[in-house]
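Numbering (this note's numbering), first residue to last: 477 to 954.
Built from N, CA and C at the ideal position, the CB exists for glycine as well.
From a predicted model like this one, the values you see are computed outputs, not experimental measurements.
One structure is given here, and the rest of the page talks about it.
Here is the structure:
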């Protein structure tokens, strides 16, 4: 050890000098260590103060896991029916009963639980308009007046959709958001977007806006406001002709439908159903609704290419589900199926509809279909272990608050999940929440984005929020 100054005479003096030198150097080394730790802490805090920019980065699961659902098929079981012929027949019959419920049931429909919840929301809580500014009180009052709550139900007429309809919580096309400054509350989460129904869906009109431009429709799937111009009124003759007993299931988005004269009528997508007349091998002849001058529905013959669907219900096998799911991969996220996209529950509903499985509109209700296995009381790893042990690939749904996924099978010891995901939750050291955007239909584990977890950023695990799995093809209580 190098001493800072020379030895002086006498043993005691030399010992004292040595002790002072050791203390001095120890203090110097300690100071240096403190300075290094302080600098490290400063750099960490500086990094935390500026949230890590994940813009443009894909979560690693999207490169590690194949994004083709067929990659998860077990070859020896891929063509096995997921349900028996008798069970699928019963499922399809229940599907059609729901599909036509608006024409057959008394109105208002039992599924219409709270038709004017949005009026309570804008009356009691801040709402933000499309310019991300607070909703102007005059606009709010105009919406309340237009909805004419006290007059509901003001009519009872049967109708049918003429094109794809955004079903709204209030009679307006304009969006309304919660606080857009908070993660998960601005775009694209338009609180007025209930969902979408395609062309050719039976519906019930139970209310009209004050100006007559908007109709409040009710179906077994969802309810809300649509423009009156986008529907037609049906009578007994139309309903009798439209219910052919044989139906065509659409399995391709952006499917253009033309009439026999070659005139374009509307575009339809996966999950839609139309009455079937016949097939000539190259395509299908179906029935489609059009409107006359008085907006009464007329039955017209339409043509659809042979590769855009098949006879309802399709063969219910894992291979067929994987084939259809493959067409959905990478499609953009659309809250409430808006912006020509789908959200998590919309994807699963449309995926299973061609097979005759009716799923409700939102994720919490989908999670209650069939046999339900609660998982919330288990530690996260045990939840996944239970899924891997008991889950049926391509036929098991996994739920967490606000989100639902489809289990595809095991991949290198982890559960592979298909879902339409807006983003992965993030939180920095200051507690600020954010989203690592995904914004499309993907295949991931239950912990996408965990590779970005670190001192300055916390990644929200889906697995830690999983609260159950359900088997929609199995009766409840089995």
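Secondary structure at residue 821: helix, using DSSP grouped into helix, strand and coil. Using a Cβ-Cβ distance cut-off of 8 Å, the stretch 779-789 and the stretch 754-763 are in contact, since at least three pairs of beta carbons, one from each stretch, lie closer than that value. Within the DSSP secondary-structure output, residue 807 pairs in no beta bridge.
The three-state reading of DSSP puts residue 812 in helix, counting H, G and I together. One thing to note: residue 921 has its Cβ no nearer than 8 Å to the Cβ of residue 941. Residues of the same chain with a CB within less than 6 Å of the CB of residue 683, apart from the 5 flanking positions on each side, are 628, 629, 630 and 692 in chain order. In this structure, the beta-carbon distance from residue 822 to residue 813 falls below 8 Å. Just measuring C-alpha positions, the residue of 678, 532, 697 and 706 sitting nearest residue 689 is 706. Pairing residue 686 with residue 624 gives a Cβ-Cβ distance under 8 Å.
For residue 690, the pairing in a beta bridge is given by DSSP as 703. In this structure, the straight-line span from the alpha carbon of residue 657 to that of residue 699 is close to 29 Å. Here residue 637 is bridged, per DSSP, to 707. Per DSSP, the beta-bridge partners of residue 895 are 918. Within its own chain, the residues whose Cβ lies closer than 7 Å to the Cβ of residue 811, once the five positions on either side in sequence are excluded, are 664, 665, 666, 669 and 819, listed in chain order. Counting only the Cα atoms, residue 836 lies some 16 Å from residue 877.
Just measuring C-alpha positions, the residue of 831, 756 and 854 sitting nearest residue 557 is 831.
Residues 629, 682 and 694 of the same chain have their beta carbon placed closer than 7 Å to that of residue 584, with the five preceding and five following residues left out of the count.
Residue 604 is bridged by DSSP to 610 and 653. Looking at the backbone, the Cα of residue 614 and that of residue 671 are separated by about 27 Å. By alpha-carbon distance to residue 917, the top candidate from 939, 902 and 803 is 803. Exclusion of the five residues before and after residue 839 leaves 820, 821, 875, 878, 879 and 880 as the residues of its chain whose Cβ lies within less than 7 Å of its Cβ. The beta carbon of residue 543 lies closer than 6 Å to those of 805 and 919 in the same chain, with the five residues before and after it left out. The continuous beta strand (DSSP E) containing residue 741 extends over residues 740-744. One alpha carbon belongs to residue 929, the other to residue 887, and they sit about 22 Å apart. In this structure the stretch 711-725 does not touch the stretch 598-616; the number of beta carbon pairs closer than 8 Å is below three.
According to DSSP, residue pairing for residue 953 in a beta bridge does not occur.
Relative to the Cα of residue 722, the nearest Cα in the group 553, 946, 948 and 571 belongs to 571. Secondary structure at residue 539: helix, using DSSP grouped into helix, strand and coil. By the neighbour-count definition (other C-beta atoms within 10 Å, threshold 16), residue 548 is a buried residue. With contacts defined as CB atoms closer than 8 Å, residue 701 and residue 753 fail to qualify as a contacting pair.
Taking all protein chains in view, the Cβ of residue 636 is crowded by 16 or more other Cβ atoms within 10 Å, so the residue is classified as buried.
Taking the CA atoms as reference points, residue 550 sits about 13 Å from residue 871.
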